[in-house]
Amino acid sequence: MHTISRRRRSHNKEKERNLVSSVLSMLVIALISTAIAQPRWFYLHGGACPHSYLGVEQFFNFGSIKQSDSSYTNSVHHDLHSLELDFNNCVNPHIILMMRLVIAFSFLAIMSSLFAFVLDTLGVTHKTLKLLRRNAFGSMLTIFFCVTVIGLSYYITTLIEFQQQQNKERADSIVEVKFDVSFYLVAAAGWLAVMATAANLLRKPLTSPDDSRDGLLDEFDGIETFSVGYPSSVDVSPMHLMPPPPPPYTP
Numbered sequence: 044m045h046t047i048s049r050r051r052r053s054h055n056k057e058k059e060r061n062l063v064s065s066v067l068s069m070l071v072i073a074l075i076s077t078a079i080a081q082p083r084w085f086y087l088h089g090g091a092c093p094h095s096y097l098g099v100e101q102f103f104n105f106g107s108i109k110q111s112d113s114s115y116t117n118s119v120h121h122d123l124h125s126l127e128l129d130f131n132n133c134v135n136p137h138i139i140l141m142m143r144l145v146i147a148f149s150f151l152a153i154m155s156s157l158f159a160f161v162l163d164t165l166g167v168t169h170k171t172l173k174l175l176r177r178n179a180f181g182s183m184l185t186i187f188f189c190v191t192v193i194g195l196s197y198y199i200t201t202l203i204e205f206q207q208q209q210n211k212e213r214a215d216s217i218v219e220v221k222f223d224v225s226f227y228l229v230a231a232a233g234w235l236a237v238m239a240t241a242a243n244l245l246r247k248p249l250t251s252p253d254d255s256r257d258g259l260l261d262e263f264d265g266i267e268t269f270s271v272g273y274p275s276s277v278d279v280s281p282m283h284l285m286p287p288p289p290p291p292y293t294p
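Numbers given in the working numbering equal positions in the sequence shown, counted from 1, plus 43.
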């Protein structure tokens, strides 16, 4: 009986696995990880910033630089990347905060995709985990985080463009701030997360002839569990359970 139960659990795990969705989740993790590592999230041209590209990987470690405000006599110190590069005219404290939020939501997207990958690969049979897997909870979270990163990225471009307009060296120079490779990688990751969600939500339950047999076995086990036993002294043979014969005919 234990062998049948183990075989049934293994069969259920095979049914719950979704390899298509798990592969898509792994691709999402790879794309977002590459986007974080790439130094080309934004393209800058025409402003006072000496760098043509900005990426979130430049904002992991922070040192201290001095940024002067021409409207005031005092100087304001802000945290920035510890490289010996001049970011004075590239970002401000608000942009730094937004970059940090982009990093945080990117890692949250990786964690949610990893959660979806584990559920789809292992084919969990626990009731709660199975419900989360079938409803693509992890992939939906990934979509939300990717959309949040995209929205923050758009907001950052407006902040950088405004700062570059204020700090540009020539009045006739045209400031350009565009998305670059990392942004499009995150957008592609969000699209793959949508496909992973569809792979779970649109998947038909796999049925086989063994499923009905497993259901009957479960019902039979339930009947045996809740059946009332007879005492050993009582005869439960079929002849004993038959109704008594009718009385003899008398004219």
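Even glycine gets a Cβ: it sits at the ideal position worked out from N, Cα and C.
Predicted model only: the values in this text are computed from it and were never measured.
Would you mind sorting residue i into buried or exposed? The rule is 16 or more other CB atoms within 10 Å of its CB.
i      : result
Ala239 : buried
Asp215 : exposed
Ala80  : exposed
Asn178 : exposed
Leu162 : buried
Pro252 : Per-residue confidence for Pro252 stands at a pLDDT of 48, beneath the threshold of 50, marking its modelled position as unreliable; the derived number appears in the next sentence. Burial call: exposed.
Gln209 : exposed
Leu244 : exposed
Ser107 : Because the pLDDT at Ser107 is just 45, under 50, the model does not fix this residue reliably, and the value given afterwards should be weighed accordingly. Counting Cβ neighbours within 10 Å, Ser107 comes out exposed, since fewer than 16 surround it.
Leu87  : buried
Leu62  : exposed
Leu67  : buried
Arg246 : exposed
Arg213 : exposed
Pro291 : exposed
Between residue i and residue j, is the Cβ-Cβ spacing less than 8 Å?
i      : j      : result
Ala232 : Cys189 : yes
Phe85  : Val237 : no
Lys211 : Gly98  : no
Thr185 : Phe148 : no
Ser196 : Arg83  : no
Ile153 : Ser76  : yes
Leu235 : Val71  : yes
Pro187 : Arg143 : The sequence given here has Phe at residue 187, not Pro. No. Outside cutoff.
Ala73  : Val229 : no
Using 8 Å for Cβ pairs, my map puts residue i next to residue j. What's the rounded Cβ distance?
i      : j      : result
Ser155 : Gly194 : Incorrect: roughly 17 Å between the Cβ atoms, too far for contact.
Tyr198 : Met141 : 6 Å
Cys92  : Asn132 : 5 Å
Ser95  : Phe160 : Incorrect: roughly 36 Å between the Cβ atoms, too far for contact.
Touch test, the region 159-176 against the region 196-215, Cβ-Cβ under 8 Å, three pairs minimum: no
Whole runs of the alpha helix (DSSP H) within the region 156-193, excluding any shorter than 4 residues: 170-177
Inside the region 205-236 only - beta strand (DSSP E) runs reaching at least 3 residues: 219-222
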